[in-house]
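Chemist:
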Amino acid sequence: MAGGKCIALIAHDQKKDAMAEFARRNQDVLADWHIVATGTTGGRVLDVCPGLKVTRMKSGPLGGDQQIGAMIATGEIDLLVFFIDPLTPVPHDVDVKALTRLAVLYDIPMALNEATAERLIKTLNH
Numbered sequence: 012m013a014g015g016k017c018i019a020l021i022a023h024d025q026k027k028d029a030m031a032e033f034a035r036r037n038q039d040v041l042a043d044w045h046i047v048a049t050g051t052t053g054g055r056v057l058d059v060c061p062g063l064k065v066t067r068m069k070s071g072p073l074g075g076d077q078q079i080g081a082m083i084a085t086g087e088i089d090l091l092v093f094f095i096d097p098l099t100p101v102p103h104d105v106d107v108k109a110l111t112r113l114a115v116l117y118d119i120p121m122a123l124n125e126a127t128a129e130r131l132i133k134t135l136n137h
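Take any residue in the sequence shown, note its place counting from 1, add 11, and you have its number in the numbering used here.
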């Protein structure tokens with residue numbers, strides 16, 4: 012992404028409503044960022060916050076997690092918010108693990124639940 016800071020938003024199916032609500036509550040902060048999201052998550056965010064700059068990748072199971080992982084590896088993502096559902100198995104679990112591994116490897120801030128995301132997003136105002 013050319014210029015500006017970029018945040019990645021991803022949510023498992025059972026967490027998409029929570030992600031959309033998170034974006035709605037924090038849209039003033041998110042408005043200053045470029046957002047990259049997996050397909051369905053990005054659509055849900057745009058439904059509640061049509062004014063945000065969101066680039067939608069493929070759906071997670073169709074390669075969206077890997078697309079965002081590649082962006083992390085090339086230094087294009089500054090922050091990852093990934094609402095993981097620990098109670099529902101996902102068929103693309105290896106992609107999820109690879110994505111979180113890259114975020115750790117490249118030392119980008121990462122929130123995997125709402126409580127951490129809320130604390131992290133508050134630091135963006137400073």
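We put the beta carbon where it would ideally sit given N, CA and C, even for glycine. Being a predicted model, the structure only gives us computed values, none of them experimental.
Please report the Cβ distance between Thr-51 and Lys-27, rounded to the nearest whole angstrom; I am assuming they are in contact, meaning their Cβ atoms lie under 8 Å.
Modeler: Contact holds; Cβ gap of about 7 Å.
Chemist: Is it right to say Ala-13 is buried, meaning 16 or more other beta carbons lie within 10 angstroms of its own, or is it exposed?
Modeler: The predicted position of Ala-13 is uncertain, since its pLDDT is 48 and thus under 50; a value taken from the coordinates is nonetheless stated next. Exposed, because fewer than 16 other Cβ atoms sit within 10 Å of the Cβ of Ala-13.
Chemist: From which residue to which residue does the beta strand (DSSP E) around Ala-19 run?
Modeler: From DSSP, the beta strand (DSSP E) with Ala-19 extends over 17-22.
Chemist: Would a C-beta distance cut-off of 7 Å place Gly-71 and Thr-49 closer than the cut-off?
Modeler: Yes, the pair counts as a contact, with Cβ atoms nearer than the cut-off.
Chemist: Do the CB positions of Ala-128 and Ala-122 come within less than 7 Å of each other?
Modeler: It is a contact, given that the beta carbons lie within the stated cut-off.
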